[in-house]
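Q: Have a look at this one before I ask anything.
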Amino acid sequence: MKKYPDRYIFPAIFSKDEEGMWDVRFPDLDNCFTSADTLEEAIDQAKYTLEDCLYFLEKGKEDIPAPSDIPLNQSNDSVTQLVVAFMPPVRRAWSQKAVKKTLTIPAYLAELAEEQKLNYSALLQQAIRQELHVQ
C-alpha cells in the first residue's frame, strides 16, 4: 500500500478576473481550482480545495506530482502563494462520510421498529461496530 505524506505544500496562483472575483489555480495539479469574492475567502477556499484534490488523488492511488518552484510574486492582478494541506484530519473526515445501504427485513420487524421509532442507521452502525469489535 502506498504511503502518502501527512503534509503537502503547493504553490497557488490567485488572479483577479474581469468581474472582480479571485480565481485560484494550482499549476501542478490538473483540475484543482476554485474562486471567491474576496482574496481572504480565496485563501481559505484554496486550502480546502487543495486538500480535497489531494485526497481524491490519494484515494485513486495516483501519483502526486512534486510542487514546482514557482517564484512567489505579486502584481496588481495576481499573487502567488504557498498553500499547506495537512492531510490526517482530511482523510479522517472523508472516511467518516456516510454511505447509503439498502436494507431488507421482515415486515413484522419493520412494524415493531416503527412503533418504537428506531433509527435504522444508528442501530445498524451500532450492530456492525459490535460485530467487528470496533468503535
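The number in the numbering used here is simply the position in the sequence shown, starting from 1, with 1 added.
In this text, a Cβ means the ideal position worked out from N, Cα and C, and glycines have one as well.
1. Applying the criterion that 16 or more other CB atoms from any shown protein chain within 10 Å of the CB defines a buried residue, is residue 85 buried or exposed?
2. Got a sec, what are the start and stop residues for the beta strand (DSSP E) residue 113 sits in?
3. Note the first and the last residue of the continuous beta strand (DSSP E) segment covering residue 82.
4. Starting from residue 129 and walking both ways along the alpha helix (DSSP H), at which residues does that stretch end?
5. From the DSSP output, in three-state form, read off residue 100 for me.
6. Between which residues of its own chain and residue 26 is the CB-CB distance below 6 Å, once the five residues before and five after are set aside?
A: Taking the structure as given:
1. The residue you call residue 85 lines up with position 84 of the sequence shown. Under this definition residue 85 is an exposed residue.
2. Locating residue 113 in the sequence shown gives position 112, counting from the first residue. No beta strand (DSSP E) holds residue 113; the alpha helix (DSSP H) holding it covers 108-116.
3. On the sequence shown, residue 82 is found 81 positions in, with the first residue counted as 1. Unbroken beta strand (DSSP E) run through residue 82: 79-87.
4. Here residue 129 refers to the residue found at position 128 of the sequence shown. Counting along the chain, the alpha helix (DSSP H) containing residue 129 begins and ends at 121-133.
5. On the sequence shown, position 99 is the one that residue 100 refers to. Note: residue 100 maps to coil in three-state DSSP.
6. Looking up residue 26 in the sequence shown gives position 25. Contacts found: 14 and 34.
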